Each structure stands twice: as C-alpha cells, then as structure tokens.
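Asker: Taken in order, the sequence shown gives residues 13 to 423; the numbers are from the working numbering. For glycine and all other residues, C-beta sits at the position ideal for the given N, C-alpha and C. Computed from a prediction, not measured in an experiment: that's the story for all the values here. Have a look at the structure that comes next, please.
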Amino acid sequence: MKDVKPFEKKIYLSTPTMHGEELKYVTEAYETNWMSTVGANINEVEKLICEKVGCKYAVALSAGTSALHLAVKLAGIKAGDRVFCTDMTFAATLNPVVYEGGEPIFIDTEYETWNMSPEALELAFKTYPDVKAVVIANLYGTPAKMDELLAICERYGAVIIEDAAESLGATYRGRQTGTFGKYNAISFNGNKIITGSSGGMLLTDDLDAANKARKWSTQSRENAPWYQHEEVGYNYRMSNVIAGVVRGQIPYLEEHIAQKKAIYMRYKEAFADLPVKMNPYIEGIMEPNFWLSCLIIDKEAMCRQVRSDSEACYIKERGKSCPTEILERLAEYNAEGRPIWKPMHMQPMYRMHRFVTADGNGRARTNAYIAGGCADVGADIFDRGLCLPSDNKMTAEEQDIIIEIVRTCFE
Numbered sequence: 013m014k015d016v017k018p019f020e021k022k023i024y025l026s027t028p029t030m031h032g033e034e035l036k037y038v039t040e041a042y043e044t045n046w047m048s049t050v051g052a053n054i055n056e057v058e059k060l061i062c063e064k065v066g067c068k069y070a071v072a073l074s075a076g077t078s079a080l081h082l083a084v085k086l087a088g089i090k091a092g093d094r095v096f097c098t099d100m101t102f103a104a105t106l107n108p109v110v111y112e113g114g115e116p117i118f119i120d121t122e123y124e125t126w127n128m129s130p131e132a133l134e135l136a137f138k139t140y141p142d143v144k145a146v147v148i149a150n151l152y153g154t155p156a157k158m159d160e161l162l163a164i165c166e167r168y169g170a171v172i173i174e175d176a177a178e179s180l181g182a183t184y185r186g187r188q189t190g191t192f193g194k195y196n197a198i199s200f201n202g203n204k205i206i207t208g209s210s211g212g213m214l215l216t217d218d219l220d221a222a223n224k225a226r227k228w229s230t231q232s233r234e235n236a237p238w239y240q241h242e243e244v245g246y247n248y249r250m251s252n253v254i255a256g257v258v259r260g261q262i263p264y265l266e267e268h269i270a271q272k273k274a275i276y277m278r279y280k281e282a283f284a285d286l287p288v289k290m291n292p293y294i295e296g297i298m299e300p301n302f303w304l305s306c307l308i309i310d311k312e313a314m315c316r317q318v319r320s321d322s323e324a325c326y327i328k329e330r331g332k333s334c335p336t337e338i339l340e341r342l343a344e345y346n347a348e349g350r351p352i353w354k355p356m357h358m359q360p361m362y363r364m365h366r367f368v369t370a371d372g373n374g375r376a377r378t379n380a381y382i383a384g385g386c387a388d389v390g391a392d393i394f395d396r397g398l399c400l401p402s403d404n405k406m407t408a409e410e411q412d413i414i415i416e417i418v419r420t421c422f423e
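What follows is the structure, given as structure tokens:
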C-alpha cells in the first residue's frame, strides 16, 4: 500500500444517490405552493409504496422513528408493559417503546442472519408469557427468520411490529419485508436504500390503524370547524416537499439494490481467502437489499482488542486483525467504515434491562460471552464485526483499493 494515497474524495459508508426526477417533484410542490403536510406527492408516494411492498395502507411520516412510535401506540403499549425487542439494532427500533412507558426486554441475535433468535424468543415467552408485542428489526437489509418468529408470536398471541427501516425491497420467501407485522415501519433517511433526506412510513393492512395513525400524526385534530382535540397528537406527517424527493427515488429502488448487491459480491469474492465472512443470509429463502456490506473476523484471527464505552485499542499481531484496526486503517485512507450496531443490552441506558439468550443465560452485562462457548451472540458479532464502505457510487477501482486496505491488516 506504499504507493496508494488517501482518496481525494472521501469514500462514505452510504450516501444518497440522486437521479434528477426528485427535483421535478420538489419543484412541482414549490410551484403549486403545496409545501406543507398535504399534497399530490404525499398521496402518490403512499400509493406507490403500497403497490411496491404489497400492503394495503401506507401513512407517510416525518421519520421511520415516528412510524415505530405510532406502531407502538397502535399495539396498545402502555406504562409498565413489557415488549420483546431486537437486541442488535439502532436505538430507534426500541426507543418508541420507552416513549410510551414500556419496558424493552432484549432478545439475543443468531449467527445465521444476525437478527433476532427464534430460540431466544421462544425461551423469553416461556419466562414472560404475558408479553403482547414484539419489535423485530431486519439488520443491514437482511430479513429475520420471519416464519419462525411469526409462528412463535402467534402461539402466544403477540402483535408483531416489523422495523423494516433498513430492508426496503428485501424479500423473505418472495414476500416483501415491511408486510410481516401487524404494524410496520420503513425509513427514507439520507443513508437508506432510497431516500427523502428524511421521512418514513407506517405500513399496515388495517384501515382503522391507518386512519388512527393519520389522525395522531396531525396533532389528533377532530372533525370540527375549529381546532378540537380529544387525545394527544404529534407533528409527525411527512411534508409534500420531502415526499417529492421520495417520489423521484422510488423508480430506482431495484437499481440501487442491484448496485449494493454487486458491492457485496465483490467483497465476498475478494475476501474468500481471508479469515473473515460477510454478513450472512439464507440463500433461496431470503433476498436482502444489501444495504450495507459487513464482515466478521474469525475468532482465531482476532488480535487483542479492548473497548470501553467510548474508546478502543488493540495490539497488532501478525496474520491477525480486529475491527478497530481495520476501521482506523480505512480512516487513514479517507474511507468510512463503522462498527456493527452495539447491542442494546450493552448500552449504558439499557444495561440493566432484561436480556434473553438462546441458552437462557441472558443477563444485562457487557461480558456475557465466555471461553468454551458464546452465550451472547450479539456481543460477539459486535466484538468481531464491522461495516465496510457500501456507497453505490463507489467505483470498482475504488472498491479494489478498499479491499486491498483490508487485506493489508491481516499481513
């Protein structure tokens, strides 16, 4: 790598990819003066997403987090209610449970998809059979084992909220993610597979739920000639301007997925002889949208690495590496990678919450995995995994340099 200079233009993890049509619809909103939370763009994106995903109703909102919050309200979660939640995810997946006064109980991850473990969920229900809602996230665009998780929830009469913020366009047994829960959320954040710069949607097949979400998202105004309110509402509706960006992006979803998949496959082929594996999925059953390409280092190839709540250090060992070394090396060359989502049960604010693993030895602490067998899958993946630059504007030549940077870390 002596002859390789840092990238002049930074290689990002994932950024918006614009095509020009977005500006047409934003301009239309401007010229018609529909700049608020009503307008043709909003109506059209709700229609288009329903057609693409295969749900009956979509409610365009200000963020994926807003959609998750309204989903939690629709599920009837109140103060003191326990809710099972994906453990290895972004905090937005479960923070809405806390907004409503609920208590998240974290369900450990499994290695085959890096998503919620069906075995751990089954065990959790045996311990807490009164839980009536489960929030399931699809990590990095890969669907969870939805058949198994749905069957467990059905046996215990629990409502599923699917967080498909990262997985728009991904399928499980041919069915689009964002349709498996009674209430589902997708995101159009700036780094997602398609974007509005911000924004999200609640997806459901329940007309009453969709109508409630629309009402709540516009400050719960009653049908009266004046401003009348009978319950708490929120300023959650998507603007017609943001909807214009989303409207221009929707036709390019499949193109973006194909570009992301090509990046993933190039990494997978290039790293075939290294002691690493790419973030997994079950071929023939699920087709991810490949939003982010990630890798996990084999245990025997990990050099010594220590992390606090805010810092990390490592000791270099020949033929070995760790996420900290790789991320630091990428940064030296002006490329952006990131650690895997730090599991929620390891977060300072949730560290004392209940946490259930597949073997029943879950505990709210950061060092749950021990020699002789990993009892805490999420902590292990966090320890050994990282997200690689996955921007679909990255050229093959730029990706080749990223690949070589990673390879040098194992020399």
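Are the Cβ atoms of Q261 and I206 separated by less than 8 Å?
Answerer: In contact: Q261 and I206 (Cβ atoms closer than 8 Å).
Asker: Using C-beta distances below 6 Å, list every residue in its chain close to T336, excluding the 5 sequence neighbours before and after it, in chain order.
Answerer: Around T336: Q317, A324 and Y326.
Asker: Between the alpha carbons of Y195 and Y248, how many angstroms are there, rounded?
Answerer: Going from the Cα of Y195 to the Cα of Y248 covers about 16 Å.
Asker: Can you tell me the Cα-Cα spacing of Q231 and G186, whole angstroms?
Answerer: Between Q231 and G186, the C-alpha separation is close to 37 Å.
Asker: Could you please give the first and the last residue of the uninterrupted beta strand (DSSP E) stretch that includes I148?
Answerer: Per DSSP, I148 belongs to the beta strand (DSSP E) from A145 to A149.
Asker: For the alpha helix (DSSP H) containing C165, list its first residue and its last residue.
Answerer: Residues M158 to Y168.
Asker: Under the assumption that L110 contacts V147 (Cβ atoms under 8 Å), give the Cβ distance between them as a whole number of angstroms.
Answerer: The question names Leu, yet the displayed sequence has Val at residue 110. In fact, because the Cβ distance is near 12 Å, the residues do not count as touching under 8 Å.
Asker: Quick check on P130 - is its C-beta less than 8 Å from some C-beta in chain B?
Answerer: Absent from the structure is chain B; it holds one protein chain and no more.
Asker: From the DSSP output, in three-state form, read off L214 for me.
Answerer: Strand.
Asker: Rounded to the nearest angstrom, what separates A383 and R396 at their Cα positions?
Answerer: Low per-residue confidence applies at A383: pLDDT is 34, beneath 50, and the placement is therefore not dependable, though the value from the model is reported in the following sentence. So the two alpha carbons sit approximately 15 Å from each other.
Asker: Tell me which residues share the same chain as F137 and place their Cβ nearer than 6 Å to its Cβ, disregarding the 5 neighbours each side in the sequence.
Answerer: Y168, listed in sequence order.
Asker: With distances taken between CB atoms, is the gap from G114 to F302 smaller than 8 Å?
Answerer: No.
Asker: Which runs of the beta strand (DSSP E), 3 residues or longer, sit entirely within the segment 185 to 234?
Answerer: Complete beta strand (DSSP E) runs here, min 3: 195 to 199 and 212 to 216.
Asker: How is K21 classed by DSSP in three states: helix, strand or coil?
Answerer: Coil, per DSSP.
Asker: Taking Q411 as part of the alpha helix (DSSP H), name the residues at either end of that continuous run.
Answerer: A408 to T420 is the span of the alpha helix (DSSP H), which, as asked, contains Q411.
Asker: What are the boundary residues of the beta strand (DSSP E) that includes F96?
Answerer: First-last of the beta strand (DSSP E) with F96: R94 to T98.
Asker: For N203, which residues of its own chain have a beta-carbon under 6 Å away from its beta-carbon, when the five flanking residues on both sides are left out?
Answerer: Same-chain partners within the cutoff: S26.
Asker: May I have the straight-line CA-CA distance separating I119 from I415, to the nearest angstrom?
Answerer: About 34 Å.
Asker: Would you identify the three-state DSSP class for R259, choosing helix, strand or coil?
Answerer: Three-state DSSP puts R259 in a helix.
Asker: Note down the Cα distance separating G208 from I54, rounded to an integer number of angstroms.
Answerer: So the alpha carbons of these two residues sit roughly 12 Å apart.
Asker: Taking only the alpha-carbon atoms, compute the straight-line gap between K354 and F102 and give it to the nearest angstrom.
Answerer: Distance between the alpha carbons of K354 and F102 is about 8 Å.
Asker: Quick one: complete beta strand (DSSP E) runs, 3+ long, within the segment 15 to 80?
Answerer: Segments of the beta strand (DSSP E) lying fully in the segment 15 to 80: 69 to 73.
Asker: Between the segment 225 to 243 and the segment 71 to 84, can you find at least three pairs of beta-carbon atoms closer than 8 Å?
Answerer: Judged by Cβ distances under 8 Å, the segment 71 to 84 makes contact with the segment 225 to 243, as three or more pairs qualify.
Asker: Go to E281, then tell me how far its alpha helix (DSSP H) extends in each direction, as first and last residue.
Answerer: Run containing E281: L265 to A282, per the alpha helix (DSSP H) assignment.
Asker: Report the rounded CA-to-CA distance for N150 versus S179, giving the unit in angstroms.
Answerer: For N150 and S179, the distance between alpha carbons rounds to 6 Å.
Asker: Under 8 Å between the Cβ atoms of V50 and T191?
Answerer: No; because the gap between Cβ atoms is not below 8 Å, this pair is not in contact.
Asker: Report yes if the CB atom of M406 is closer than 8 Å to the CB atom of I23, and no otherwise.
Answerer: Against a cut-off of 8 Å, the Cβ pair of I23 and M406 comes out as a contact.
Asker: Going straight from the alpha carbon of G88 to that of A104, what length do you get?
Answerer: Cα to Cα, G88 sits roughly 18 Å from A104.
Asker: Please name the residue or residues paired with H241 in a DSSP beta bridge.
Answerer: Answer is R233, bridged to H241.
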